[in-house]
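Mapping to my numbering: the sequence shown position 20 is 1256, numbers consecutive.
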Amino acid sequence: MSEECPKCQGSMTDGVIIDTSYTDRRVSTWLEGAPVKSIWVGLKLNGNKPIETHTFRCNRCGFLESYAPL
Ligand SMILES: [Zn+2]
C-alpha cells in the first residue's frame, strides 16, 4: 500500500507505532472515547474494543498518518 504525504507530497512507508512497557512491546491501539484512567490497568476500556493501528511515515518530512481499520 503506497500513500502520498498530504503535507509535502513525499512518499510514505507503512509501519506501526510501538507501545513499550517493562515486559514487552505492542502495536499501538485506538480506543473510542475520552481516556478514563485506572490505577489497576492504566486505562479502562468501558466495554470498547481497542483496534490495532498502522501508521504511514513520510520519507521526506516525517509526517505520521495513522489508520485503525475494522
Ligand atoms: Zn511529507
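Ideal Cβ positions, reconstructed from N, Cα and C, are used throughout, including at glycine.
query                                                                                                                                               : result
How about Thr1289 and Ala1304: do their beta carbons lie closer than 8 Å?                                                                           : yes
Examine ligand 1 and report whether any of its heavy atoms sits within less than 7 Å of the Cβ of Lys1243.                                          : yes
How would you call Cys1297, buried or exposed, if buried means at least 16 neighbouring beta carbons within 10 angstroms?                           : exposed
Which residues in the same chain have their Cβ closer than 6 Å to the Cβ of Ser1264, if we skip the five residues on either side of it in sequence? : Ile1253, Asp1255 and Thr1289
Rounded to a whole number of angstroms, what is the C-alpha to C-alpha distance between Trp1266 and Ser1247?                                        : 24 Å
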